[in-house]
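Presented below is the structure to which this report refers.
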Amino acid sequence: MSASESVVALAGVSKRFRGGTVALQGIDLEVRPREFVSLIGPSGCGKSTLLRVIGDLVPPTEGTVTVNGKSAERARRDRDYGIVFQQAVLYDWRTVARNIALPLEMLGWDRRRRKERVDQMLELVELTGFADHHPWQLSGGMQQRVSIARALAFEPALLLMDEPFGALDEMTRERLNAELLRIWADTGSTVVFVTHSIPEAVFLSTRVVVMSARPGRIAQMIDVDLPQPRTNEVREEPRFFELVTEVREALVKGGAEQATAQLIAEGEL
Amino acid sequence: MHDVRRRSRSVGLSAAARVATFLGVLAFLWGLWELWHWIGTRFKLTWPFPVNDVTMPHLHRIVQALFQPAQANGPSLLHVLLEASAFTAKEAALGFVLGAAGGFAIAVVLSQSRFLERGIIPYVVASQTIPLLAIAPMVVVGLGSKGIHDWLAVAVLAAYLTFFPVTINALRGLQSADPRAVELMRSYAAGRWRILWKLQAPSSLPYLFSAFRIAAPLAIVGAIISEPSASIQGGLGGAIVNFNQYYSIEPQELWATNVISALLGIVFFLAVVAAERLIVRRAPENVA
Chain A
79 MSASESVVAL
89 AGVSKRFRGG
99 TVALQGIDLE
109 VRPREFVSLI
119 GPSGCGKSTL
129 LRVIGDLVPP
139 TEGTVTVNGK
149 SAERARRDRD
159 YGIVFQQAVL
169 YDWRTVARNI
179 ALPLEMLGWD
189 RRRRKERVDQ
199 MLELVELTGF
209 ADHHPWQLSG
219 GMQQRVSIAR
229 ALAFEPALLL
239 MDEPFGALDE
249 MTRERLNAEL
259 LRIWADTGST
269 VVFVTHSIPE
279 AVFLSTRVVV
289 MSARPGRIAQ
299 MIDVDLPQPR
309 TNEVREEPRF
319 FELVTEVREA
329 LVKGGAEQAT
339 AQLIAEGEL
Chain B
3 MHDVRRRSRS
13 VGLSAAARVA
23 TFLGVLAFLW
33 GLWELWHWIG
43 TRFKLTWPFP
53 VNDVTMPHLH
63 RIVQALFQPA
73 QANGPSLLHV
83 LLEASAFTAK
93 EAALGFVLGA
103 AGGFAIAVVL
113 SQSRFLERGI
123 IPYVVASQTI
133 PLLAIAPMVV
143 VGLGSKGIHD
153 WLAVAVLAAY
163 LTFFPVTINA
173 LRGLQSADPR
183 AVELMRSYAA
193 GRWRILWKLQ
203 APSSLPYLFS
213 AFRIAAPLAI
223 VGAIISEPSA
233 SIQGGLGGAI
243 VNFNQYYSIE
253 PQELWATNVI
263 SALLGIVFFL
273 AVVAAERLIV
283 RRAPENVA
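Residue numbers (our numbering), protein chains in the order written: chain A, 79 to 347; chain B, 3 to 290.
If you want it as structure tokens, here you go:
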């Protein structure tokens with residue numbers, strides 16, 4: 079598959095921060111249209127940095143990043159992706175409706191068109207009736223749904239999500255997982271999703287990218303062949319547990335390799 | 003929803019409590035003043051200062067003086083001082099607006115580059131080490147030669163005092179925006195100005211209003227100090243200079259002028275607080 083047909087194409091991407099920390103090394107990754115790809119790995123494996131490199135929020139030190147067949151910078155300027163962070167990052171001084179409308183304002187949509195879209199989005203994330211609330215009046219889960227609605231409001235073909243449910247309790251998280259899958263199916267978007275939860279990665283993804291730390295590298299890629307559309311019953315199927323185990327072993331193996339590499343580097347092996 | 007209701011109810015409760023606290027503290031300070039006056043005259047204290055009706059006039063005499071004519075057959079002192087207050091308030095209000103706008107504009111420019119910030123901030127600080135009295139004649143004479151009214155020169159001098167806290171706080175406020183919110187704006191391909199107006203400026207509002215609370219009474223002080231330099235008689239500054247000359251005969255008149263000046267400062271402060279309530283919408287825990 080050529081880079082022009084994939085939504086995201088990374089070739090030989092490395093990122094070295096000032097001070098010498100190597101966050102990413104030799105990353106090759108292609109994400110095809112309508113894929114749901116999770117990046118999973120221990121903290122410090124550079125998965126959030128990788129997401130920001132795709133979004134042109136952090137420049138890579140080496141390698142090329144192609145998004146929708148163009149440079150990552152061009153794609154950002156064309157507003158080709160929506161992004162969701164671990165914290166909702168809502169503007170306190172704006173109501174829920176005006177938070178969701180923020181990207182639409184940036185695109186220069188008129189008031190009526192904005193309102194129509196905001197109403198649709200509120201319905202999509204099941205927050206109809208909360209349009210005039212301020213963010214601090216909502217629970218953490220509701221805030222994160224607003225943040226997802228904001229990212230989806232201008233219908234970007236690519237959604238970048240940086241541990242969006244990491245700060246939520248387990249029950250809210252599972253509910254939002256199911257909701258996200260529904261939205262993904264409805265909108266036909268492509269998702270790159272950073273997480274450190276193995277069941278979450280397996281449940282959501284069509285493919286799990288397992289990373290190892292110091293330096294951040296791709297240790298293994300695991301295709302998730304669970305049937306679509308997925309409901310919470312999938313979490314109880316034997317194949318689900320097999321895949322969870324497979325990802326866990328890949329993580330452990332990645333960790334062991336990393337420990338070995340470190341020992342070699344320190345001259346003890 | 004019920005969160006909001008509970009908050010507004012607690013505000014209602016504390017309003018009554020605040021009035022009670024205010025009156026209580028006022029009564030306490032009044033009592034303290036009169037007690038010290040009684041002890042001082044009874045035991046003829048000379049330390050730290052001799053206590054008599056000139057150094058510490060009875061508070062009720064200060065209040066009484068407000069309702070007596072300032073000059074034979076003239077209007078009451080209160081009337082004279084309220085007119086002076088209106089005049090000074092006009093100068094101070096314009097000075098506050100000029101200082102706030104100028105201070106914010108300087109902060110916006112400085113927030114655009116570390117280099118500018120480092121280069122310019124020392125001069126912003128140095129500006130405040132120059133006494134107002136030293137620059138007042140230059141401003142008054144300079145603007146006067148252009149045919150500009152004296153009271154406008156006083157407003158400019160008040161602005162000179164008020165811009166400083168606004169610049170310092172606004173700069174912090176503009177830099178206080180959540181870095182992820184900046185990333186979000188960049189993901190929308192927002193340029194510098196969009197980020198400034200949609201994110202940094204609203205983020206700076208709580209900081210800005212903290213500065214306004216300091217700047218509002220400062221504007222009054224600036225106007226009062228500058229009035230004598232501009233030879234303005236009709237304001238509170240003029241009244242203070244005037245009553246200074248008669249202090250040993252009628253100390254209560256200067257004291258009354260001080261009380262009115264302080265009240266004007268408090269009115270300015272409360273106006274800022276009221277504006278803040280209307281404008282700044284923040285989570286209760288995020289109010290700077």
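Where is the CB? At the ideal position from N, CA and C, for every residue including glycine.
If we ignore side chains and look at the alpha-carbon of each, how far apart do residue 64 of chain B and residue 242 of chain B end up?
15 Å
Residue burial classification, residue 1 of chain B (beta-carbon count within 10 angstroms, cutoff 16)
Absent from the structure is residue 1 of chain B, since the part of chain B shown begins at 3 and ends at 290.
Residues of the region 173-202 of chain A in Cβ contact with chain B at a cutoff of 7 Å, in chain order, please.
Listed in sequence order: 181 and 184.
Tell me, please, whether the region 249-263 of chain A touches the region 171-179 of chain A by the rule of three or more beta-carbon pairs shorter than 8 Å.
no
If you pair each beta-carbon of the region 89-109 of chain B with each one of the region 215-231 of chain B, do three or more pairs fall below 8 Å?
yes
Is the separation between the beta-carbon of residue 185 of chain A and that of residue 157 of chain A shorter than 8 Å?
yes
Cβ atoms of residue 279 of chain A and residue 332 of chain A: under 8 Å apart, would you say?
Taking C-beta atoms as the reference points, residue 332 of chain A and residue 279 of chain A fail to come closer than 8 Å.
To which residues does DSSP link residue 159 of chain A through a beta bridge?
A/236
How would you write the range of the alpha helix (DSSP H) that residue 199 of chain A sits in, first residue to last?
189-202
Proximal chain A residues relative to residue 190 of chain B, where beta-carbon distance stays under 7 Å
157, 181 and 184
Enumerate in chain order the residues of its own chain whose CB-to-CB distance from residue 68 of chain B is below 6 Å, with the five nearest sequence positions on each side excluded.
79, 80 and 258
Proximity winner among A/180, A/195 and A/168, relative to residue 221 of chain A (alpha-carbon distances)
A/168
For residue 130 of chain A, which of A/214, A/322, A/301 and A/86 has the nearest alpha-carbon?
A/86
Considering residue 116 of chain B, what are the terminal residues of the beta strand (DSSP E) in which it resides?
Unbroken run through residue 116 of chain B is the alpha helix (DSSP H), 116-129; no beta strand (DSSP E).
How would you label residue 173 of chain B, buried or exposed, when you count the other beta carbons within 10 angstroms and need 16 or more for buried?
buried
Local Cβ density within 10 Å of residue 26 of chain B, reported as buried at 16 or more and exposed below that:
When all chains shown are included, residue 26 of chain B counts as exposed.
Pull up the distance between the alpha-carbon of residue 235 of chain B and that of residue 205 of chain B, whole angstroms please.
43 Å
Bridge partner(s) assigned by DSSP for residue 289 of chain A
A/296
Select from A/299, A/308 and A/239 the residue whose C-alpha is nearest the C-alpha of residue 286 of chain A.
A/299
Indicate whether residue 330 of chain A and residue 276 of chain A have their beta-carbon atoms separated by less than 8 Å.
no
What residue range is occupied by the uninterrupted beta strand (DSSP E) comprising residue 229 of chain B?
No beta strand (DSSP E) contains residue 229 of chain B, which is instead part of the alpha helix (DSSP H) from 203-231.
Unbroken alpha helix (DSSP H) run spanning residue 314 of chain A, endpoints:
Premise fails: residue 314 of chain A is in no alpha helix (DSSP H) and is neither H nor E.
Please list the residues of the region 176-187 of chain B that have a C-beta atom closer than 7 Å to any C-beta atom in chain A, keeping them in chain order.
180, 182, 183, 185 and 186
In DSSP terms, what residue 91 of chain A is bridged to:
Beta-bridge pairing links residue 91 of chain A to A/105.
Chain A beta carbons: is any one of them nearer than 8 Å to that of residue 174 of chain B?
no
Of the listed residues B/73, B/177 and B/56, nearest to residue 111 of chain B (C-alpha basis)
Checked all of B/73, B/177 and B/56; the closest Cα to residue 111 of chain B is B/177.
Starting from the C-beta of residue 153 of chain B, find all residues in its chain whose C-beta is less than 6 Å away, skip the five residues before and the five after it, and write them out in chain order.
For residue 153 of chain B, the CB contacts under 6 Å within the same chain, skipping 5 residues up- and downstream, are 93 in chain order.
Beta-carbon within less than 7 Å of residue 32 of chain B's beta-carbon, same chain only, minus the 5 sequence neighbours each way: which residues are those?
61
Within the region 9-60 of chain B, note down every full beta strand (DSSP E) run reaching 3 residues or more, in order along the chain.
none
Look at the Cβ atom of residue 162 of chain A, then the Cβ atom of residue 239 of chain A, and state whether they are nearer than 8 Å.
yes
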